[in-house]
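Engineer: My questions will all concern the structure given below.
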Amino acid sequence: MLEWPVLVLAVAAVVLTVLTADAGEALEHALAESAPIEAHAEQGELLEVAAGLFAGAAVLAVGTTGPWFTAKVPALSRVVSVRWLVPVVRALIVVAGVFLIYQTVVAGHSGAAAAWSDWRTR
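Right, dumping it as structure tokens:
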């Protein structure tokens with residue numbers, strides 16, 4: 019029932035993360051080079067990877083456990099019948115979600131540290 023909102027939000031997260039990273043890269047090139055800004059840029063790049071992993075895991079989870087997909091694609095019903103697959107896919111989406119949340123916090127913190135550091139006076 020919630021498979022479509024999950025997929026839409028996961029894909030939207032990837033798109034928004036990429037757009038935000040692009041804006042951040044443009045700002046990074048406009049500012050003077052500093053360690054806090056470089057650290058934030060690296061965390062932002064890793065956040066793009068985390069968002070992509072989460073979206074991929076969401077597509078995989080909905081594809082293997084969503085009733086709409088398994089009803090429309092007969093081959094998926096055979097795949098879902100593998101006993102260990104559904105728990106592994108569910109664990110994968112949880113791990114990917116936790117990683118995405120963690121990386122969002124780390125990237126935000128490094129951005130705040132860069133904004134409040136004295137990089138302008140160097």
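Residue numbers (my numbering): 19 to 140. For each residue, glycine too, the CB sits at the ideal point set by N, CA and C.
1) Grab the span of the alpha helix (DSSP H) containing Ala50 for me, first residue to last.
2) My parser needs the alpha helix (DSSP H) runs of 4 or more residues fully inside the region 68-136; what are they?
3) If I'm right that Val107 touches Thr82 with Cβ under 8 Å, what's the distance once you round it to whole angstroms?
4) Within 10 Å of its beta-carbon, does Ser128 have 16 or more other beta-carbons around it, so buried, or fewer, so exposed?
5) Measuring alpha carbon to alpha carbon, tell me which residue in Phe117, Thr88, Ala131 is nearest Glu21.
6) Can you give me the C-alpha to C-alpha distance between Gly42 and Gly70, rounded to a whole angstrom?
7) Express the C-alpha separation of Gly74 and Ala44 in angstroms, rounding to a whole number.
Structural biologist: In brief:
1) Counting along the chain, Ala50 falls outside any alpha helix (DSSP H), and DSSP gives it neither H nor E.
2) 85-90, 92-98, 103-134
3) 5 Å
4) buried
5) Thr88
6) 18 Å
7) The C-alpha of Ala44 lies about 27 Å from the C-alpha of Gly74.
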